[in-house]
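Presented below is the structure to which this report refers.
Numbering (the working numbering), first residue to last: 197 to 695.
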């Protein structure tokens, strides 16, 4: 039986010139046309996910209404996607390490296509939840956000362009050898731990009270499984999903911590008014990449971005239940600037401190922590909203709000009640009583934004633990210099460009 390490040595293309041990192998320089096509094939995959920022978020209330779902459906549809995405992110990273980037990317795109089709064919509330779970598994492989059924042609185009255009050297590792080398114990522990922990958080206050056995048992068991996963990666696994070296440096841990972070409009109007968030976010994401490429400074970008995001979240707490569009747009722009600045910079900070051999696993760890934070943020935010609204039950009763409405407000359905009032359903209340209900919901959102501002502030403090490391030249650039020196020197010196 041939060891996997020997297979990898035989299958790794080696340049004819001397290579630095820190430079990944590169066999050829892409032509400009091929480079543009490769960039297009990857960009269209990102575009498919980016559409969800404007589409899925604002359409979720309408989806829940069509299926006659309560506020819990608002949470379970995105939560199911985030849970699956979080659980499978490290697994996809390890698979790509064994079989190359292209096969897993194709499999992930195909899975996302199937899941989008199932979402389009949903006829009841469980179907979109199941489809979004499958979608989370697929999109975690391509590291993009989820998609709606309306963008199936984009997913098909992404799949075709990846299959035809994207050319990546794939390790010639037999499938059986790769399967034997997968850390199945780590997969089982991280899947069980993450699922139990997140479902426990989601079930508290919705399926069962927080003081009941169900959420407590799920959270405790999930935490124990995650602790066991960490111990297994440290002591047991020969090829761990997340190498312990990713967490040993202070800068790496800080970079991972940094990434842990009702107005009565239609879906179309909500999408339009979210453009002040989406457009600056996209612009600053692109601008940040260009700035870091030119200057090499990423630590300051992370800190400025976190500062802007913290200020934006703090300003959101001042919004009231009145359509003050100027303030809403300005606050969104400020938050978008912060999010755009720090969206990719923490990943660069992490990769700058990693050895090339563990960059893929480190990136998977980064995505796992970010997705776990997203899922926890959704669940915790919903819990804060429900508890804050529930604390207003006494004031609502004193204002004469019917008991049935108060029960719905404190029982996990405040957003649905607010939507019904906004659409003209008074629910047996006077205008003043309806206004008091909307004020209670707005109070809940304010408390939720206080929490997010606090978390963002903690991340800002953690960013000061990130140290700067000089970004090495790309493998292509180093290989080009080596080839030029090899040609000039006649191939006899064997001197590389990093000497």
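Ideal Cβ positions, reconstructed from N, Cα and C, are used throughout, including at glycine.
On a predicted model such as this, the values are computed, not experimentally measured, just so you know.
Checklist entry - Does the distance from the C-beta atom of residue 327 to that of residue 335 stay below 7 Å? => result no
Next on the checklist: Looking at the secondary structure, which residues open and close the alpha helix (DSSP H) in which residue 411 lies?
Outcome noted: Where residue 411 is concerned, the enclosing alpha helix (DSSP H) stretches over 409-427.
Item to check | Top-ranked residue by Cα proximity to residue 429, from 478, 379, 507, 311 | outcome: 379
Next on the checklist: Would you say the beta carbon of residue 336 is closer than 6 Å to some non-hydrogen atom of the ligand NAD?
Outcome noted: As far as ligands go, the structure on display features none, and thus does not contain the ligand NAD.
Checklist entry - Quick one: what's got a C-beta closer than 6 Å to residue 532's C-beta in the same chain, skipping five residues either side? => result 473, 476, 477
Checklist entry - DSSP on residue 304, reduced to helix/strand/coil? => result helix
Checklist entry - With which residues is residue 531 paired in a DSSP beta bridge? => result Paired residue(s): none; residue 531 is not in a bridge.
Checklist entry - Looking only at its own chain, which residues have a Cβ that is under 7 Å from the Cβ of residue 592, when we skip the five neighbours before and after it? => result 602, 605, 632, 633, 636
Next on the checklist: According to DSSP, residue 501 sits in a beta bridge with which residue or residues?
Outcome noted: None, per the DSSP bridge assignment.
Checklist entry - If residue 311 and residue 330 are in contact, beta carbons under 8 Å, what's the gap, nearest whole angstrom? => result 4 Å
Item to check | Alpha-carbon spacing of residue 509 relative to residue 559, whole angstroms | outcome: The straight-line gap from Cα to Cα measures roughly 27 Å.
Checklist entry - Does DSSP put residue 569 in a helix, a strand or coil? => result Helix, per DSSP.
Next on the checklist: What does DSSP give as the partner residue(s) for residue 400 in the beta ladder?
Outcome noted: BP columns for residue 400 point to 404.
Next on the checklist: With H, G and I counted as helix, E and B as strand and the rest as coil, what does DSSP make of residue 662?
Outcome noted: coil
Checklist entry - Can you give the beta carbon distance from residue 575 to residue 387, rounded, assuming they're within the 8 Å contact cut? => result Cβ atoms of residue 575 and residue 387 stay farther apart than 8 Å, at about 18 Å.
Checklist entry - Which residues in the same chain as residue 571 place their Cβ atom closer than 7 Å to its Cβ, once the five residues preceding and following it in sequence are excluded? => result 275, 278, 279, 282, 394
Checklist entry - For residue 626, which three-state DSSP category applies? => result coil
Checklist entry - Taking only beta-carbon atoms, is residue 283 less than 7 Å away from chain C? => result Included in the structure is just one protein chain, with no chain C present.
Checklist entry - Which of helix, strand or coil does DSSP assign to residue 319? => result coil
Item to check | CA-to-CA distance, residue 506 to residue 627, given in whole angstroms | outcome: 36 Å
Checklist entry - If you pair each beta-carbon of the stretch 641-657 with each one of the stretch 612-625, do three or more pairs fall below 8 Å? => result With contact defined as three or more Cβ pairs closer than 8 Å, the stretch 641-657 and the stretch 612-625 are not in contact.
Next on the checklist: Assuming the contact rule is C-beta atoms closer than 8 Å, residue 406 and residue 325 should be a hit. Round their C-beta distance to whole Å, please.
Outcome noted: Actually they are not in contact, since the Cβ atoms of residue 406 and residue 325 sit about 22 Å apart, beyond 8 Å.
Checklist entry - Which residues in the same chain as residue 433 place their Cβ atom closer than 8 Å to its Cβ, once the five residues preceding and following it in sequence are excluded? => result 379, 381, 382
Checklist entry - Is the distance from the Cβ of residue 663 to the Cβ of residue 499 below 7 Å? => result In this structure, residue 499 does not lie closer than 7 Å to residue 663 by Cβ.
Checklist entry - Would a C-beta distance cut-off of 7 Å place residue 417 and residue 399 closer than the cut-off? => result no
Checklist entry - Among 495, 589, 332, which residue has its Cα nearest to the Cα of residue 285? => result 332
Next on the checklist: Measuring alpha carbon to alpha carbon, tell me which residue in 562, 322, 620 is nearest residue 548.
Outcome noted: Looking only at 562, 322, 620, the smallest Cα-Cα distance to residue 548 is reached by 562.
Item to check | residue 490, buried or exposed, once every other Cβ within 10 Å from all chains shown has been counted against 16 | outcome: exposed
Next on the checklist: I'd like the list of long-range same chain contacts for residue 397, defined as Cβ closer than 6 Å, with 5 residues on each side in sequence excluded.
Outcome noted: 575
Checklist entry - From 524, 589, 404, pick the residue whose C-alpha is nearest to that of residue 610; which is it? => result 589
Checklist entry - Roughly how many angstroms lie between the CA atoms of residue 623 and residue 630, to the nearest whole one? => result 9 Å
Item to check | N-terminal and C-terminal residue of the alpha helix (DSSP H) that residue 491 is part of | outcome: That run of the alpha helix (DSSP H) goes 471-491.
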